[in-house]
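*Asks:* Can you keep this structure in mind? I'll have questions shortly.
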Amino acid sequence: MDNDLTPVGEILSGTTGYDWAKYGYSLITEETFEGGYHEGDYEKDGVMYCGYCHTPKQILHMWRGEMRPFPIHCRCQRECLARIAEEQEERARWEKAELCRQHALPYAYMHRWTFANDDGGSPRATRYFRQYADNFEEMKKDGSGILLFGPKGAGKTYAAVQIVNALCDKGYHCLVTSFMEIVKNLLSLNRENRQQYLDDICNHDLLVFDDFGGETNSNFFDINMEEIVKTCYRKFIPMIVITPLAQDALEQGLNATRQKAVDRLKERCYCLTLLNTSRNKQLTKERKEKMEKLLGIGKKL
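Going from the sequence shown to the numbering used here is simple: count from 1 and add 81.
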C-alpha cells in the first residue's frame, strides 16, 4: 500500500456523514489492521481513537490490579476486514464456478453461452430457460428436466448450456455430454470399471444429453442408455435431453428398451420445441461480415 498518505485533516475537512471507511480503503496502512498508531490517531479518556472513524482502537481492562489499554478493532478496521472477507468469498465463489464450468462443458467457447450474452433471438424460450435455472432447487427435488425438440440451428444446445452456466455460477455440479459419448467411453473400459464410470456420470446435479435420437441402433447402446436414464430417474437427477427429431418422430420404430427410456424421459421432462432456425444463419452472416471487415473485402483500393 501507498505510504504517502493524504493528511487526515484534508480527507475529513468540511465533510458531513463521513464515509471514508467505505470508499477509501486504499489509503489505510498495514498498521490499521494491526491496531497500531498511524497519523491522525489521538488519545481520549485513556485510550487511543482512530483518526479516520473516531471510534476506539483500545479498551480499558483491569490487569494485575490496574486498568490497562488493550487493542480492539475500530469501525473502519471492522469495515475493512468485512470488505476483505466479502472479496475473498466472492473470489472463492468465482473459482468454484470456473472449476464447475471446466468440468461441465466440453468446449471452452461454451463458457460464453450465458443469459447475459443471449442474442434475444428467442425471448420467450430464453425466459423459460432462465426460470428453470432460477428455480432449479425446486426442479432438483422432483428430478424435473426438459426434453428439447427442434431442427438443427434452432439454438437447443445453446439454450441448455445457458442453463448450465447459470447453475455453475451457483456451484451446481453439471455435465454436458451425449449418450453416444458415454457408450463410446464404456467400450474402452473393462467390465469392472464400467459400473464405476456410470455411477460417476449419474453423480451430478444436472445432466445434459445432446443429439439424442440420431444414434445407430445397437443392443449395447440401448441397454446402457436405458440404464443411465433409469438411474437418473430413480435418483431424481434432472436431465435436459436434446434431440433434432420432432416429438412424434422420436417414438417411431423404437424397440422395447428404448421405449422404456423414452417413457421415463417423457414422465420426468417437460417437452419443449424450438423452431427458430434463423439463429445459426444470423450467426453465420455476422461471422462472414466480421471476416470481410478484417480482411478489407469490399474496400476501395
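For glycine and all other residues, C-beta sits at the position ideal for the given N, C-alpha and C.
Check whether the segment 196-212 touches the segment 168-186, counting contact only when three or more Cβ pairs, one atom from each stretch, lie closer than 8 angstroms.
*Replies:* no
*Asks:* Quick check on the burial criterion: 16 or more other C-beta atoms within 10 angstroms. Buried or exposed for residue 194?
*Replies:* buried
*Asks:* Do residue 263 and residue 244 have their beta-carbon atoms positioned less than 9 angstroms apart in this structure?
*Replies:* no
*Asks:* Would the segment 336-351 and the segment 308-318 be scored as touching if the rule is three or more Cβ pairs under 8 angstroms?
*Replies:* yes
*Asks:* Counting along the chain, where does the alpha helix (DSSP H) carrying residue 249 start and finish?
*Replies:* 237-250
*Asks:* Per the DSSP calculation, residue 261 is bridged to which residue(s)?
*Replies:* Among the bridge pairs identified by DSSP, residue 261 is matched with none.
*Asks:* Between which two residues does the beta strand (DSSP E) containing residue 350 stretch?
*Replies:* 350-354
*Asks:* Name the DSSP beta bridge partners of residue 278, please?
*Replies:* Paired residue(s): none; residue 278 is not in a bridge.
*Asks:* Starting from the Cα of residue 276, find the closest Cα among 252, 253, 308 and give me that residue.
*Replies:* Minimum Cα-Cα distance from residue 276 among the listed residues 252, 253, 308 corresponds to 308.
*Asks:* Run through DSSP, which three-state label would residue 149 get?
*Replies:* strand
*Asks:* How about residue 294 and residue 241: are their beta carbons less than 9 angstroms apart?
*Replies:* Cβ distance not < 9 angstroms, so residue 294 and residue 241 don't count as in contact.
*Asks:* So, helix, strand or coil for residue 125, using DSSP?
*Replies:* strand
*Asks:* Would residue 229 and residue 255 qualify as a contact pair, given that the criterion is a beta-carbon distance under 9 angstroms?
*Replies:* no
*Asks:* Quick check on DSSP: helix, strand or coil for residue 142?
*Replies:* Of the three classes helix, strand and coil, the one that applies to residue 142 here is strand, per DSSP.
*Asks:* Is residue 186 helix, strand or coil by DSSP?
*Replies:* coil
*Asks:* Hey, residue 248 and residue 217 are a contact pair by Cβ (cut 8 angstroms); roughly how many whole angstroms apart?
*Replies:* 6 angstroms
*Asks:* Anyone know if the C-beta pair for residue 290 and residue 321 falls short of 9 angstroms?
*Replies:* yes
*Asks:* Return the CA-CA distance between residue 116 and residue 136, expressed in angstroms with no decimal places.
*Replies:* For residue 116, the predicted structure reports a pLDDT of 49, less than 50, and the residue's modelled location is therefore unreliable. A value from the coordinates is still provided. Going from the Cα of residue 116 to the Cα of residue 136 covers about 12 angstroms.
*Asks:* Straight-line CA distance for residue 207 to residue 196?
*Replies:* 8 angstroms
*Asks:* How many Å lie between residue 371 and residue 356 at the Cα?
*Replies:* 26 angstroms
*Asks:* Taking all protein chains shown into account, decide if residue 172 is buried (16 or more other Cβ within 10 angstroms of its Cβ) or exposed.
*Replies:* exposed
*Asks:* Is residue 287 helix, strand or coil by DSSP?
*Replies:* strand
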